[in-house]
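Letter 76 of the sequence shown, counting from 1, is numbered 76 in full-length UniProt numbering, and no numbers are missing. Every residue gets a Cβ at the ideal spot worked out from N, C-alpha and C, and that includes glycine.
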Amino acid sequence: MTSVWKRLQRVGKKASKFQFAASFQEMMIECTDKWQPDKLRVVWIRRNRRHSTKLHSWQPGIKNPYRGLVVWQVPESLDITVTLFKEPTAEEFEDKDWTFVIENETKGRRKVLASAEVNMKKYASATLAQYDVTLKLKPLSVKVVEATLKLNLSCIFLKEGEGHRRGHAEFGQSNEYETE
Numbered sequence: 001m002t003s004v005w006k007r008l009q010r011v012g013k014k015a016s017k018f019q020f021a022a023s024f025q026e027m028m029i030e031c032t033d034k035w036q037p038d039k040l041r042v043v044w045i046r047r048n049r050r051h052s053t054k055l056h057s058w059q060p061g062i063k064n065p066y067r068g069l070v071v072w073q074v075p076e077s078l079d080i081t082v083t084l085f086k087e088p089t090a091e092e093f094e095d096k097d098w099t100f101v102i103e104n105e106t107k108g109r110r111k112v113l114a115s116a117e118v119n120m121k122k123y124a125s126a127t128l129a130q131y132d133v134t135l136k137l138k139p140l141s142v143k144v145v146e147a148t149l150k151l152n153l154s155c156i157f158l159k160e161g162e163g164h165r166r167g168h169a170e171f172g173q174s175n176e177y178e179t180e
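Listed below in structure tokens is the structure:
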């Protein structure tokens, strides 16, 4: 029933499809003195969609052994496709939040350490655009004191159409807007 309600809300709206790529540069995590992370990954999620990096080792700092880094020597990126909607007379798109999450994995068990929401409408552009972004993540574990993530976010405009059933033929798929 939720997807029907979503479709009804989109009748008469303009739909624009964008491809975003996040290229990761550095992740910093400061932990309490009783714990250190093992293997870390960055996950980019929205509802049931999940895109994750490979696992990386956490390297403790020299000055502060509880504050460590993961630095990507070889850039690793995650790609997502996002459909943003707006009223035909509106200047900007409606909000659509995706979340960056830092996970620790030990013995096959995943634990969320910190997260930050990113409103994709802020980075959507009709022309090719790139942004250097530093996210201050909210700690979600008592073991984490502070976390930041540095990345480069790029956006490519793919196509535009209508946000209701009849307009879906323009995109070639009938269920594309129902889950985003």
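Does the beta-carbon distance from residue i to residue j come in below 9 angstroms?
| i | j | result |
| --- | --- | --- |
| D79 | Q19 | yes |
| W44 | A15 | no |
| E87 | K34 | no |
Taking residue i as part of the beta strand (DSSP E), name the residues at either end of that continuous run.
| i | result |
| --- | --- |
| residue 192 | Outside the displayed range of the chain (1 to 180) lies residue 192, so it cannot be described from this structure. |
| K39 | 39-46 |
| T106 | 97-106 |
| N119 | 109-119 |
| R50 | 49-52 |
Can you check which of these residues, the options, is closest to residue i by C-alpha distance?
| i | options | result |
| --- | --- | --- |
| K6 | L84, R67, L69, K34 | L84 |
| T148 | N119, S125, L113 | L113 |
| V145 | F100, K13, G108, P37 | P37 |
| N64 | G108, K17, I29, K138 | I29 |
With DSSP as the reference, please indicate the residues paired to residue i in a beta bridge.
| i | result |
| --- | --- |
| L149 | M27, L135 |
Whose C-beta lies closer than 6 angstroms to the C-beta of residue i among residues of the same chain, with five residues either side of it excluded?
| i | result |
| --- | --- |
| Y153 | Just to set this straight, residue 153 is Leu in the shown sequence, not Tyr. If we look at L153 and ignore the five residues flanking it on each side, its Cβ neighbours are A22, Y123, Y131, V133. |
Tell me which same chain residues have a C-beta within less than 7 angstroms of the C-beta of residue i, skipping the five on either side of it?
| i | result |
| --- | --- |
| I62 | none |
| M120 | F20, V82, L84, K96, W98 |
For residue i, I'd like the list of residues in its chain whose CB is within less than 8 angstroms of its CB, leaving aside the five on either flank, ordered along the chain.
| i | result |
| --- | --- |
| residue 185 | Any answer about residue 185 is impossible in this case: the structure gives the chain only from 1 up to 180. |
State yes or no: is the C-beta of residue i nearer than 8 angstroms to some heavy atom of the ligand SAH?
| i | result |
| --- | --- |
| N48 | Inclusion of the ligand SAH in the displayed structure is not the case, the ligand content being empty and no account of it being possible. |
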